[in-house]
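Numbering follows full-length UniProt numbering, in which position 19 of the sequence shown is assigned residue number 19; successive positions increment by one, without gaps.
The next block holds one structure in the form of structure tokens; read it before the comments.
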Amino acid sequence: MSFGRPGSSSILQVNPPDRGSFPLDHDGECKEMMKVYLKCLKEHGSASTPCRGVSKAYLDCRMQRGLMQRESWTNLGLGEETNEKTSGQPS
């Protein structure tokens, strides 16, 4: 009786997804920013638009500490126009 893999199966190479996979913040380097973002979401009934500035700060914290790959704000859906909308200053 054999418990190994069948002889006919080929070796399967597993690759992580390009996005959506990143190191966990085990040391809590960006934990405070995460808490601020979650509080913002709670205050706004889970609407993310009012919290875009906080989201950008949280992602910036993660990128600066190597917890995610540096990415352009436009690719993350947080282009320059979001700064104007979330800053509270008239355009």
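Virtual Cβ for every residue (Gly too), placed ideally from N, Cα, C.
inquiry  = Judging by CA-CA distance, which residue of G77, N75, Y37, R62 is the nearest neighbour of H26?
reply    = Here the question's residue 26 lines up with position 26 in the sequence shown. Measuring from the Cα of H26, the nearest candidate turns out to be R62.
query: Which term fits V54, buried or exposed, when burial requires 16 or more other beta carbons within 10 angstroms of its beta carbon?
result: For the purposes of this step, residue 54 is taken as residue 54 along the sequence shown, with counting starting at 1. With 16 or more other Cβ atoms within 10 Å, it is buried.
Between which two residues does the alpha helix (DSSP H) holding L38 run?
As a first step, residue 38 must be located in the sequence shown, where it is residue number 38. Looking at the DSSP string, the run of the alpha helix (DSSP H) that includes L38 is 31-43.
Comparing alpha-carbon positions, which option in K31, L67, R52 lies nearest C40? The residue you call residue 40 lines up with position 40 of the sequence shown. When each option's Cα is compared against that of C40, the closest is R52.
Practice problem: List the whole-angstrom C-beta distance separating L59 from L38, where the pair is believed to meet the contact cut-off of C-beta under 8 Å. | Solution: Position 59 of the sequence shown holds residue 59. Position 38 of the sequence shown holds residue 38. Between L38 and L59 the Cβ distance is about 14 Å, and since that is not below 8 Å, they are no contact.
Look up G66 in the DSSP assignment and say whether it is helix, strand or coil. Residue mapping note: residue 66 aligns to position 66 of the sequence shown, counting from 1. Looking at G66 - three-state DSSP - the assignment turns out to be coil, as it is neither helix nor strand.
Next on the checklist: Measuring straight from C-alpha to C-alpha, what distance separates E84 and V14?
Outcome noted: To locate residue 84, count along the sequence shown from 1; it is residue 84. To locate residue 14, count along the sequence shown from 1; it is residue 14. Note that E84 has pLDDT 42, beneath the 50 cutoff, so the model's placement of it is unreliable and the number below is only indicative. If you take the alpha carbons of E84 and V14, they lie about 42 Å apart.
For L67, which of K31, S46, L24 has the nearest alpha-carbon? The residue labelled residue 67 in the question sits at position 67 within the sequence shown. For L67, the nearest C-alpha among the options comes from L24.
DSSP on S72, reduced to helix/strand/coil? As a position in the sequence shown, residue 72 is number 72, starting the count at 1. S72 falls in the coil class under three-state DSSP.
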